[in-house]
Structure formats: structure tokens, C-alpha cells
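Residue numbers (full-length UniProt numbering): 1 to 294.
Beta carbons: idealized from backbone N, C-alpha and C, even for Gly.
The structure under discussion appears below in the form of C-alpha cells.
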């Protein structure tokens, strides 16, 4: 009876390893294509009013780099082969949440179909938040007074421009307060954006909470450590967590690829049609027409 049980466990582990490897190969293929997309749009000149295209390129590059780091951490990957296979789902989950937030900012600033006035308002908010954060860092670092005075002089003007904007007037009071204080870079939450992006995010809240608990080192991230998880060994639990992360990365990377192809449609002729078709086919299984993306 024990021999049969061991054989069954070995078979389950083998099947889980195969599933993991298959998913990892697909992520690697999409990642290499994502880099091709980045090369294809390099050097494009855009008008000042199309600032969101420059920002899209920056955020897309950041997302691709995060995905590359994730693949590098994943055992048995083909892009960065090593004999030292260490199973670290804590770090992978941390990067995975960062990748989701990266895509949300990418969608919010660059992809969502909104008019120029609202897009420029979003730029005002994010620039103001950026400068507020810089000011806090400089102040806490005891920077030269001249540097601090420059921020103290200009930040009130930036705040005034935001508070007098037509879109600011209609925001909920709690959003207004946080934006005015420079505490928020966006007036939509991650949940709001998740509800808007045009693919299935039914499980976003649960997944985001799972990933967040690993980042913040809550009891969920360490209290259940045992021989089956959190020891750097290949186990069913580790494989399960890694597969969740790979699924998330593949989906958001595929979405970003298709967004960039559409945003820079003038370069579509130099993009590999077969590779693009494979991404489109994969992504079609997650698309939904039930969301209001306006």
C-alpha cells in the first residue's frame, strides 16, 4: 500500500513539473517576442501632444525587465540556464505583483481610450506626485536649501493647476484630499483599473491579496513554512505557486504586447506575424466584452 502511495505521489510530482515547464516555455517565448516589439518601435519620433506614447515605451520596457527578472528566478528556465535551481516563490510573487501594478499604470496613462483633456489631467497628477515624493526624499536627506526652496516655490503652482482642472472638481472628496497632498499618483485604484482592462480579472482581488501578503511579510508568508513550502526545494506546493505566477505574468505580458502593437500600429509591418498571431490566440481566451473600457 505504501509503495503504491509513493508511486502515485511521484506521478503527481512528475505531472506538475511537466505543467510548470510547459507554462514556463510559453512565457519565455512571449518574453523574447516582447523584446522584439521593443526593438521594432525604437527610434519612433512622436509629437509633444503624444507624450503618452513615450510613457508607454518606458512602462513597457520596465514591465519587460520585471518579467525577465522573474524568468531568471524560475528554475529550469532556458534563457538563463543554471545547475543551481532554487525555488524562491517569495521573490517571484513580489515581482509578480509589481508587474501587475506596472501594467495598471501603463493602461491608465497610455492605453485606456479617453480624451486628451482627461489624459493630460492624469499627467498633471502623476507629475505632481512625482515632485512631491522627490521633495520628501530631498528633505529627509538634508539636501541643500536651494533645492528644497525650488520645490517649495513650484509645488503650490502645480497643486493649483490640478485643483482648478474640470476633472478634479468631479472627483470624490477622499480622492481630492489625497491628490492635493501629493499622496496619490492616480485617481483610480488598482481594483478600478482591473475592472476596466479588457480581459478576465475575476480573481484579481484574491490574487492581489495573495501576492501582497508575500511582499509585506505577513504571517501568511512565513507561518506555514514547512518541508513542503518555503525551503527552496521543488515540491507540489512550490510548483503550484510558481504556476500561478507564470500564468499571471504571461497574461499581463501578452496584454502589453498587443497594446503596444496597437499603439504603434505603423510598425506592425516589421513585426513577426506568426508570433503575433500566437499571442493573439492565447489572449483571446481571456478577453471579455463585458467591461466598459471608455
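Which same chain residues, not among the five before or five after residue 55, have their C-beta less than 7 Å away from its C-beta?
109, 110
Local conformation of residue 112 per DSSP, three classes
coil
Could you check the C-alpha separation between residue 242 and residue 135 for me, to the nearest Å?
39 Å
Which residues in the same chain have their Cβ closer than 8 Å to the Cβ of residue 46, if we skip the five residues on either side of it in sequence?
53, 54
4 or more residues per run - each alpha helix (DSSP H) lying fully within the segment 114–149
116–140
Consult DSSP for residue 199 and reduce its assignment to one of helix, strand or coil.
strand
So, are the CB atoms of residue 83 and residue 34 less than 8 Å apart?
no
Which residue's Cα is closest to the Cα of residue 96: 209, 171, 139?
209
From the DSSP output, in three-state form, read off residue 233 for me.
coil
Quick one: using the 10 Å Cβ neighbour count with 16 as the cut-off for buried, is residue 139 buried or exposed?
exposed
Whose C-beta lies closer than 8 Å to the C-beta of residue 200 among residues of the same chain, with five residues either side of it excluded?
286, 287, 288
Return yes when the Cβ of residue 30 is within less than 8 Å of the Cβ of residue 270, no when it is not.
no
Given this structure, state the Cα-to-Cα distance separating residue 129 from residue 137, to the nearest angstrom.
12 Å
Contact belief for residue 71 with residue 27 at Cβ below 8 Å, rounded distance in angstroms
6 Å
Starting from the Cα of residue 17, find the closest Cα among 234, 248, 265 and give me that residue.
234
Under 8 Å by Cβ, that's how I've got residue 67 and residue 99 pegged, so tell me the actual separation to the nearest angstrom.
6 Å
Taking buried to mean at least 16 other C-beta atoms within 10 Å of its own C-beta, is residue 337 buried or exposed?
Because the chain here runs from 1 to 294, residue 337 falls outside it and cannot be looked at.
Indicate, with yes or no, if the ligand GTP has a heavy atom lying under 7 Å from the CB of residue 138.
Only the bare structure without any ligand can be found here, which leaves the ligand GTP out of the picture.
Could you spell out the range, first to last residue, of the alpha helix (DSSP H) harbouring residue 270?
Here residue 270 belongs to no alpha helix (DSSP H), and DSSP marks it neither H nor E.
Out of curiosity, what's the CA-to-CA distance linking residue 127 and residue 146?
21 Å
CB-CB under 6 Å to residue 264, same chain, minus the five flanking residues each way: which ones, in chain order?
41
Closer than 6 Å by C-beta to residue 232: which residues in its own chain qualify, once you throw out the five before and the five after it? Chain order, please.
86, 87
Between which residues of its own chain and residue 171 is the CB-CB distance below 8 Å, once the five residues before and five after are set aside?
179, 187
With a 10 Å radius around its C-beta and 16 neighbouring C-beta atoms as the bar for buried, classify residue 256 as buried or exposed.
buried
Which partner residues does residue 287 have in the DSSP bridge list?
199
Looking only at its own chain, which residues have a Cβ that is under 7 Å from the Cβ of residue 275, when we skip the five neighbours before and after it?
33
Residue 261 and residue 114 - do their beta-carbons sit closer together than 8 Å?
no
Same chain only: Cβ atoms within 6 Å of residue 316, ignoring 5 sequence neighbours per side:
Past the edges of the chain, shown from 1 to 294, lies residue 316, and the structure says nothing about it.
Decide if residue 8 is buried, meaning its Cβ has at least 16 other Cβ atoms within 10 Å, or exposed.
exposed
Which residue's Cα is closest to the Cα of residue 74: 244, 215, 144?
244
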